[in-house]
Amino acid sequence: MPENGPGIGPTTRQGPRVVIVGGGVGGLTAAVDLARLGASVTLLERAAAPGGKMRQIAVNGGLIDAGPTVMTMRWVFDGLFADAGAALDARLSYTPLSVLARHHWRDGETLDLFADLERSIDAIGAFAGAAEARAYRAFAAEARRVFAILRGPFLESPRPSPLTLTRRIGWSRFADMLALRPFETLWSALSRRFQDTRLRQLFGRYATYGGSSPFAAPATLMLIAHVEQEGVWTLDGGMFALARALADVAIERGVDLRLNAHVTSIEVKNGQASGVRLASGEHVPADAVLLNADAAALADGTFGRACQSAASPVPARARSLSAVTWAVRAPARGLELARHNVFFSADYAAEFRALSRDRAMPEDPTIYLCAQDRFEPEKPDGLGPQRLLALINAPADGDLSPLSRSEIEACQTRLFQRLERHGLILASTPETQAITTPQDFNALFPSTGGALYGRATHGWAGAFQRPAARTALPGLFLAGGSAHPGAGVPMAALSGRIAASAIGRRLGLTSRSRRAATRGGILTPSATTVGTA
Numbered sequence: 135m136p137e138n139g140p141g142i143g144p145t146t147r148q149g150p151r152v153v154i155v156g157g158g159v160g161g162l163t164a165a166v167d168l169a170r171l172g173a174s175v176t177l178l179e180r181a182a183a184p185g186g187k188m189r190q191i192a193v194n195g196g197l198i199d200a201g202p203t204v205m206t207m208r209w210v211f212d213g214l215f216a217d218a219g220a221a222l223d224a225r226l227s228y229t230p231l232s233v234l235a236r237h238h239w240r241d242g243e244t245l246d247l248f249a250d251l252e253r254s255i256d257a258i259g260a261f262a263g264a265a266e267a268r269a270y271r272a273f274a275a276e277a278r279r280v281f282a283i284l285r286g287p288f289l290e291s292p293r294p295s296p297l298t299l300t301r302r303i304g305w306s307r308f309a310d311m312l313a314l315r316p317f318e319t320l321w322s323a324l325s326r327r328f329q330d331t332r333l334r335q336l337f338g339r340y341a342t343y344g345g346s347s348p349f350a351a352p353a354t355l356m357l358i359a360h361v362e363q364e365g366v367w368t369l370d371g372g373m374f375a376l377a378r379a380l381a382d383v384a385i386e387r388g389v390d391l392r393l394n395a396h397v398t399s400i401e402v403k404n405g406q407a408s409g410v411r412l413a414s415g416e417h418v419p420a421d422a423v424l425l426n427a428d429a430a431a432l433a434d435g436t437f438g439r440a441c442q443s444a445a446s447p448v449p450a451r452a453r454s455l456s457a458v459t460w461a462v463r464a465p466a467r468g469l470e471l472a473r474h475n476v477f478f479s480a481d482y483a484a485e486f487r488a489l490s491r492d493r494a495m496p497e498d499p500t501i502y503l504c505a506q507d508r509f510e511p512e513k514p515d516g517l518g519p520q521r522l523l524a525l526i527n528a529p530a531d532g533d534l535s536p537l538s539r540s541e542i543e544a545c546q547t548r549l550f551q552r553l554e555r556h557g558l559i560l561a562s563t564p565e566t567q568a569i570t571t572p573q574d575f576n577a578l579f580p581s582t583g584g585a586l587y588g589r590a591t592h593g594w595a596g597a598f599q600r601p602a603a604r605t606a607l608p609g610l611f612l613a614g615g616s617a618h619p620g621a622g623v624p625m626a627a628l629s630g631r632i633a634a635s636a637i638g639r640r641l642g643l644t645s646r647s648r649r650a651a652t653r654g655g656i657l658t659p660s661a662t663t664v665g666t667a
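Numbers given in the numbering used here equal positions in the sequence shown, counted from 1, plus 134.
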């Protein structure tokens, strides 16, 4: 694909020039908002397709989501598309999941959580007893309250300090501040709430959604339980369909989206960001630059020494988790699968000691398995090749101590043996799978060591350590999963909207609408893969 993507031709544009580096969800979201505000936007993506971590890879004749697998917080995208004069329903076809996830333990017991809260309460009662069902009802209410407290003052606002967050919530709402439980770990809060260790594992896993340990993350992260309860959707065409829809709306509104465009440096002139330079040598001038990449890449000089001090470095031990993943398209038989399946380790504490303290692959990891041809639980027998994504957490040391071939093979052996003990038989061969390791993720997302979520959210101050949209260098802004408000597709989208608003204020953009450009720049199916790692 040429550097100017398919069907994206030159256009005459007016307005302040904004260059966005990186076409992940944060960059795409910011591009849509900035174009609506009247900016002349150029979005540069070094890969052959937009989407960033919302990538698909081709395996054995099928496309498999190899990053995020579902949409949550749909209201984020409903609002974005509506503000841009588009409609999410007209751009995407999505299906709500009634079974949020199926959870498995060594003793063969399973527990489903449902979109219907009362069904989940009944299931937990049957699984662990009436007292635990009552505990879950209280936990769900607490998670809902935490989310309601933080949605406006934290998630949808520029990064606060502890003081400014208190001001936003309101000094008179001191009880709400205490309800956030910032000084208590998630595991500790769950231990007080649930007597059953299996339920602590189940809800402690929410910390890993942001690449953190439940033994170090604040109890505030219980809000993720409410996010799932609000709704989980699968998209026809996978999560890449969301990236394509965002790109289409951006192009229609005049954004110059350039694929295979590798930015090597951010230029600085007169003490402020003035544009970028590509690997080809081309200079693209700008009145503001938005970096939609991991902030660590800025701090370590990946984009040049002139802008290096604009962000603080992230120590290797402060990185979020990485992963080893297996994207498989092969026959599967034996076990009734939901779309989302979790196979828990026997000792959660030992698993996270290995990951966090020892920086090693755990001997007995928790396995996440996404059955991407599933909507309701069903047996896979006789259904032909199945698209599956298996994932185990790993330390983000892909740049420091890459896993050896023998270590990867040992991980794979343990993974397939574990699944077999649960009754799932995968007829997979090297030709029917693609493995991605922390070193592969580091190559895809430089300077991260393979960390998939930026800095880990550990300790009471963890949420305040992610960089804000505004950097120390005037004219340079940040968006993406490593920036405020956090990791995950909807959070990265919110970061893009926050950054676009900050850029709009700097450039004096006040227009609320912009006539859509007619450029014929709709992304074609030929751009649906980023390739295997």
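Each residue gets a CB set at the ideal place from its N, CA and C atoms; glycine is no exception.
One or two residues paired with residue i in a DSSP bridge
| i | result |
| --- | --- |
| Cys504 | His474, Leu523 |
| Gln442 | According to DSSP, which records beta bridges pairwise, Gln442 is partnered with nothing at all. |
| Ile80 | Given a span of 135 to 667 for the chain in the structure shown, any question on residue 80 remains unanswerable. |
| Asp390 | Thr176 |
| Ile400 | Val410 |
| Met495 | Paired residues: none, contrary to the question. |
| Ile154 | Leu177, Leu424 |
| Trp460 | Ala524, Ile569 |
| Thr229 | Thr368 |
| Pro465 | Pro519 |
| Ile255 | In DSSP, Ile255 forms no bridge with anything. |
| Arg453 | Arg589 |
Reduced DSSP category for residue i - H, G, I as helix; E, B as strand; rest coil
| i | result |
| --- | --- |
| Arg646 | Low confidence applies here, because Arg646 scores a pLDDT of 49, under 50, leaving its location unreliable and the question unanswered by this model. |
| Trp239 | coil |
| Glu290 | coil |
| Val418 | strand |
| Leu234 | strand |
| Phe550 | helix |
| Asp167 | helix |
| Leu247 | strand |
| Gly557 | coil |
| Gly185 | strand |
Own chain residues within Cβ distance below 7 angstroms of residue i, not counting five before or after
| i | result |
| --- | --- |
| Ala218 | Val166, Arg170, Val383, Arg387 |
| Pro668 | Residue 668 falls outside the range modelled here, since the chain spans only 135 to 667, and no answer is possible. |
| Ala606 | Ser443, Ala444 |
| Met135 | In this prediction, Met135 has a pLDDT of 31, which is less than 50 and means its spatial position is unreliable; what the coordinates show is noted afterwards. These residues qualify, in order along the chain: Ala182, Leu393, Asn394, Ala661. |
Backbone CA spacing between residue i and residue j [nearest angstrom]
| i | j | result |
| --- | --- | --- |
| Leu355 | Tyr340 | 7 angstroms |
| Asn669 | Gly518 | Past the boundaries of the shown model lies residue 669; the chain is included only from 135 to 667, so the question cannot be answered. |
| Glu290 | Gly196 | 37 angstroms |
| Gly584 | Gly149 | 37 angstroms |
| Gly304 | Pro296 | 12 angstroms |
| Met311 | Ala568 | 45 angstroms |
| Tyr587 | Ser616 | 6 angstroms |
| Ala524 | Glu179 | 27 angstroms |
| Pro449 | Thr300 | 28 angstroms |
| Thr319 | Trp460 | 31 angstroms |
| Ala595 | Thr571 | 29 angstroms |
| Gly371 | Ala377 | 11 angstroms |
| Ala457 | Pro496 | 12 angstroms |
| Cys545 | Ala488 | 14 angstroms |
| Arg453 | Ile542 | 21 angstroms |
| Asp533 | Arg604 | 28 angstroms |
| Phe486 | Ala350 | 10 angstroms |
| Ile154 | Thr436 | 16 angstroms |
| Gly622 | Gly160 | 10 angstroms |
Beta-carbon proximity list for residue i, same chain, < 6 angstroms, skipping 5 on both sides
| i | result |
| --- | --- |
| Pro536 | Gln573 |
| Arg646 | Note that Arg646 scores 49 on pLDDT, short of 50, meaning its location in the model is unreliable; the coordinates nonetheless yield the value given after this. Excluding residues within five positions, none has a Cβ falling inside 6 angstroms. |
| Ala440 | Val402 |
| Ala269 | Arg327, Phe328 |
| Ser254 | Leu247, Phe248 |
| Glu137 | Bear in mind that a pLDDT of 39 at Glu137, under 50, signals an unreliable position, so the model cannot answer this. |
| Ile358 | Tyr340, Tyr343 |
| Pro601 | Ala429, Ala445, Leu612, Ala617 |
Short CB-CB distance (under 8 angstroms) between residue i and chain B
| i | result |
| --- | --- |
| Trp367 | The structure shown contains no chain B; it holds only a single protein chain. |
Beta-carbon contacts of residue i that lie in its chain and below 8 angstroms, excluding the five residues immediately before and after
| i | result |
| --- | --- |
| Val152 | Leu168, Ala173, Ser174, Val175, Thr176, Ala420, Asp421, Ala422, Val423, Leu424, Ile637, Leu641 |
| Val557 | According to the sequence shown, residue 557 is Gly rather than Val. Around Gly557: Gly468, Leu469. |
| Ala480 | Arg240, Asp498 |
| Ala472 | Val233, Ala235, Arg236, Asp246, Ala505, Arg508, Glu510, Pro511 |
| Leu226 | Leu369, Asp370, Ala375, Leu376, Ala379 |
Heavy atom of the ligand FAD within 7 angstroms of residue i beta-carbon
| i | result |
| --- | --- |
| His396 | Within the structure as shown, the ligand FAD is missing, as the structure has no ligands at all. |
What alpha helix (DSSP H) runs, 4 residues minimum, are completely inside the segment 297-373?
-> 308-313, 320-327, 331-338, 357-364
What are the uninterrupted segments assigned as alpha helix (DSSP H) that are 4 or more residues long and contained completely in the segment 561-636, given in chain order?
-> 572-578
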